[in-house]
Amino acid sequence: MARLTPGNITLAQEIITRYPVARSALIPLLHLAQEQDGYVSSDAMVHIAELLDITPAEVMGTCSFYEMFKREPVGEYMVNICHGISCHLLGASELIHHAVQTLGIKLGDTTEDGKITLEAVECIAACTEAPCLQVNYRYRDKVSTTDFDQLIDRLRTGTASIAPHGKLARTRQHIASQRRGGVSSPEGQTEPAWLARNSVADTDINSTDVSSTADRDNDASDNSVEHNISSSSL
Amino acid sequence: MSEVTVNLTINEQPVQAQAGELVIAAAERVGVYIPHFCYHPRMSPVGMCRMCIVDIDTGRGPALQPSCMVPVSENMVVDTNSPQTQKAQDGVLEFLLLNHPLDCPVCDKGGECPLQDQTMAYGPGESRFIEEKRHYEKPIAVNDLVYLDRERCILCDRCTRFADEVAGDPLITFQDRGDHTQVNTFPHLPFSSYFSGNTVQICPVGALTAKQYRFKARPWDLSEVESTYPNPMGDRVVVQASRDQVLRYQGADSDAVNWGWLSDKDRFSLDAHASEMRLQTPLVRGTSLGTPDLDGSELVETSWQRALSQAADAISAAVDAYGPSSVALLGGARLSNEDQYVWARLAKAVIGTDNADAQLDDGLPAEAVLGWPRATINGACTPGGTVILLAPDPKEQQGTLYLRLRHAVMHEGVQLIELTPRASGLSQLATHRLYHRPAEVAAVAKALVGGEIDLDSDRRIGGVGAEELAAAANSLAERADRPITVILGRPSLAEPAAPTLAAAAELAQFGKLLSAGGRPGLAFLPVLHRANVFGALDMGLAPGFLPGRVVLTNPSDALSDIWGALPSERGLDAHGILSAATSGEIKVLILLGADPLGDFPNLALAQKAVETASTVIACETLPNASTVKAHIVFPAASFAERDGTHTNLEGRITRQRQIVTPPGTARPDWVIATELARKLGCDFGYGSSQDIWAEICRVARSHEHLEPQDLALKDRLAADLGVQDGVVVAQSAVSVEGSAECAVQSEFVAVPQIDSYSLRLVSSRQMYDRGTLVQHASLLAGLARRALLLLHTSDFQQVGVAQGTTVQVISNTGQLNLPVVPDSGVPKGTAVLNYNHPDADVRVLLDPHAVVTDIRIQTQ
């Protein structure tokens, strides 16, 4: 769809300074692009290449490697039903069949209203809660077909309080200076940055961590949707 | 790599290797071949294909390890034939063939395919895989020259590594993941690299194929010879032909020169050499009915006898009436050393004129090239050394030199100092970028090598900030205990050679001081345009010179014996020749593969000269703007149609060998010269190019130390000898009298002030231009980028138009309409327009009498 917005360019430039080598910021910037548009558009990839002084082909290489970067528009909600072995034994096939029937789309497709994209995924590491699924990477456990219908209802009416696809990127986190890995290249350093950092008292770091979570959204001027919803809110 | 020696055992054979050497390389060195696909000795190992896994025991028992990723270690035991190794190779091949289509009968690679060969040698006889293989759209064009068939790809990472590591154009990458992994470009962004053809050559399967060679031949039908591509780098190539037709050039891995790489311009120029436009019969002036007639308006076909007689008559008439200096010879860079020698002898000894110049006023005087200490390519790439770029962009003009320099800077710790009027293809790797104002390079060079730099003042020296300059001077001084190489050429054809020569003289002086102080000193690697231009200088196709890098007044005894009387006075250079032709002093103009109308910087002068000269004789392979105007045209043989030798920019002489017959009745240039000499009453007595080479080795001072057999001139198979690096002409053998400094006429060239409305023009060549070869190569002709006027971003904003808007570019002498775009590589106050562009002839803007050309931009 589009290149990065001016606000996101500023943020991107801030992200680039976190790394000793600019191209290391590639994955965070892909998250940023996905947050902006819901997927990573070709224009965004070209723009990221410009920002990092690499070629669009290199951006594409990385972007296409990761399944969770979508290169085509997807629905507001990505519904990923696990079909790993545990989920399979406890009814994932039936759940997927039900989903396909009720949503009227094939796996990988998006409903006509643009709300829901359905995918079957490999094990998502919640075998004790099988059959399970994710909505925009938020877990839903032991999902029956009734639960599924309810979930879809709530997603469609907007009462599920889940941020649209892409909004979960942690690109906006504030990283306190003590936490930073150091922006100098690792070559020629006598002591690794992380070692120096860990010699600081633990309490100091913990407190920084808390505050960093709290003001994560502070510099997100163009981001009005709250996006750190816990799974219990369903 | 350290000098520590490591002892190991490979297949029970004790082997000594240098620490750091890879097992696969050490094995290959002692004659144990380990099959592989992804490993390539000129690129970093990746261990992608797993084909080279062998049993390696480092003291913990034998285990299968990829030999391309494991360096040798003390007491290592390698077994490449163990049952485990064989089973692993069998398994890897079965795995690689899972998705590889068995379309060998229709695949271009069939017959020379490592995958095919190794499957036969090491693989399973049958596959257990009965499922459907993966499918992709059959070949997609990754650019205008190369096709990619992703179904055949075994993901060895060679092409993508080449694009990234060697060429620096990472425009093809792995995309997607797992069994969906494919090599591809970004959508609608082609693999527009000058070196893409190399990926075809190194692809171990038929995934990458060259558009030019697709379905043309089978490897077993090809005959091949090792030869030298006629470019100033002297790239070693293998020329492959079938049924008397050249079908392919492949790079040959010469350690001293091109490392197996070729630029696309050279690799795919085949169509031009084998073009149906090639001149096949002698042409003379005649009537429109095809009857020869001296006053005719057309060029008509005739016999060699008639054309030679006419040419000889014209020459002797001019010599009788106006003296020998009324004949002039222009060009000769296309020729082999032998051809050049015979033509030089014809001009200087038989006709008696010294008016001979192989360069078209776009190079450097022979005094400078031959007089200053000459570097080698390997010398320039010495680890820890310094390279000063005082030349046009090597990426555009000497493709393989760019690759070698790029490798040296990235992997050998060579520091690069750019002393150019604009950014080059190597800028990103340069330690210091000193972009000077056009024609003001001498002041910058002077400051760089020891002029006092006043850091406090804001004054810029030649447009370069004092701080940048001081930093560069510092780095240069710090590394002075390592060799310093100056890549010397004409960075811009919008200015004369003088400023560059003055800068080079400063550097040469600095080098002398270093050498005197016991340091390795400084040497020059000249980069001139056109094929065998360095051979031409060595063979005396320059005013004031004789074969063997000696001046006219200092011939060797052997040369005097054979040649007899010589011209007594130094003749004219290209500019002088054309000027004399316009004033009627030169009557006969011989063009040896030169196209002054298409190529000479002063267009008006060239036009007038060709119009005025009473006889223009052209020896050419292909028609061009100047042959059309000629009175007599001799068709000449191209480099694959004759034997000969070639001299590259470092003075390295390598062999060129005939593999096909010339088209029609075209003849090697030395035959034309010999015949013409006979008509003029002098029998040279040459029977073959070997005779001439033997004579060169006898009479040319710089070649005295060479033995004719050094180049394996006897007809031996190249394969028996390995790739021939050739021999380098030793410079210490001769010194050019009156040395290089005499070429530098004034110490500092006065550059006029620029007014604030104008921009100063820089013009240099690009790889794809209006050159005769490029325009006759069907695949390359369309590749020239659009003619653009490039400006610094702030200058562009001053113009105040949208990017790509066509504006009027006006100079003192002419005007052009050109689209204008901003470019980060252009310094402020400078405008860049490419030379010899098919769409826009920059020569109409160039002022031949000024040191610089200033332009103004007018929006419409």
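Here the protein sequences line up with chains B and E, keeping their order. Residue numbers for the first sequence follow our numbering, beginning at 1 and rising by one. Residue numbers for the second sequence follow our numbering, beginning at 235 and rising by one. Where is the CB? At the ideal position from N, CA and C, for every residue including glycine. These figures come from a predicted structure and were not determined experimentally.
E/TYR636 classed as buried or exposed, judged by whether at least 16 other C-beta atoms fall within 10 angstroms:
buried
With respect to the beta strand (DSSP E) encompassing E/ILE406, which residues constitute its N-terminal and C-terminal limits?
406-409
Taking only beta-carbon positions, decide if E/ARG411 is within less than 9 Å of chain B.
yes
Residues that DSSP places opposite E/VAL266 in a beta bridge:
Note: E/VAL266 sits in no beta bridge, so no partner.
Less than 9 Å between the beta carbons of E/PRO857 and E/PRO897, yes or no?
no
Should E/ASP690 go down as buried or exposed, given a rule of 16 or more other Cβ atoms within 10 Å for buried?
exposed
Outcome for E/PRO902 when other beta-carbon atoms lying within 10 angstroms are tallied against a minimum of 16:
buried
Is the distance from the Cβ of E/ALA874 to the Cβ of E/VAL894 below 9 Å?
yes
E/THR1087, DSSP secondary structure in three states:
coil
Extract the residue ranges of the alpha helix (DSSP H) inside the segment 615-662 of chain E, only unbroken runs of 4 or more that lie entirely within it.
628-631 and 633-645
Please report the Cβ distance between B/LEU155 and B/ILE116, rounded to the nearest whole angstrom; I am assuming they are in contact, meaning their Cβ atoms lie under 8 Å.
6 Å
List, in chain order, every chain B residue whose beta-carbon is nearer than 9 Å to that of E/PRO421.
SER42, PRO56 and MET60
Note down, in chain order, each residue of its chain lying with its Cβ closer than 6 Å to the Cβ of E/THR239, except the 5 sequence neighbours on either side.
GLN250
Buried or exposed by the 16-neighbour rule on C-beta atoms within 10 Å, applied to E/GLY1038:
exposed
Candidates E/GLU674, E/PRO801, E/ASP487 and E/ALA625: which alpha carbon is nearest E/ALA227's?
A question about residue 227 of chain E goes unanswered here, because the residues of chain E that appear run from 235 up to 1094.
If you measure from the beta carbon of E/PRO628 to each beta carbon in chain B, is any gap under 9 Å?
no
Answer yes or no: do E/THR879 and E/SER922 have a C-beta to C-beta separation smaller than 9 Å?
no
Provide the residue(s) that pair with B/TYR77 in DSSP beta bridges, ordered along the chain.
B/ILE116
Under 7 Å Cβ-Cβ, which residues of chain D neighbour E/LEU405?
The structure shown contains no chain D; its protein chains are B and E.
Would DSSP call E/GLY431 helix, strand or coil?
helix
Could you check if E/PHE396 is buried or exposed, using at least 16 other CB atoms within 10 Å of its CB as the buried criterion?
buried
For E/GLY565 and E/PHE828, believed in contact at Cβ under 8 Å, the rounded distance:
A quick correction: the sequence has Ala, not Phe, at residue 828 of chain E. Indeed they touch by this definition, with Cβ atoms about 3 Å apart.
Examine chain E for any beta-carbon lying closer than 9 Å to the beta-carbon of B/GLU67, and answer yes or no.
yes
Spell out whether any CB of chain B is found under 9 Å from the CB atom of E/PHE408.
yes
Simplified DSSP state of E/MET310, which is helix, strand or coil
strand
Contact belief for E/GLU729 with E/VAL1066 at Cβ below 8 Å, rounded distance in angstroms:
Wrong, their Cβ atoms sit about 13 Å apart, outside the cutoff.
Of all the options E/HIS937, E/SER461, E/ARG452 and E/GLU674, which has the alpha carbon lying nearest to the alpha carbon of E/ARG694?
E/GLU674
How many angstroms separate the CA atom of E/VAL376 from the CA atom of E/THR419?
7 Å
Between which residues of its own chain and E/ARG482 is the CB-CB distance below 6 Å, once the five residues before and five after are set aside?
TYR447 and GLN474
Since I believe E/ARG368 is in contact with E/ASN234 (beta carbons under 8 Å), could you give me their beta-carbon distance rounded to a whole number of angstroms?
Because chain E spans 235 through 1094 in this model, residue 234 of chain E falls outside it and cannot be assessed.
In this structure, does DSSP put E/ASN612 in helix, strand or coil?
helix
Extent of the continuous alpha helix (DSSP H) to which E/GLU572 belongs
571-579
Any Cβ of chain B within less than 9 Å of the Cβ of E/ASN377?
no
Are the CB atoms of E/PRO777 and E/GLY755 nearer to each other than 9 Å?
no
Measuring straight from C-alpha to C-alpha, what distance separates E/SER509 and E/ASP455?
21 Å
Straight-line CA distance for B/LEU32 to B/ASN8?
7 Å
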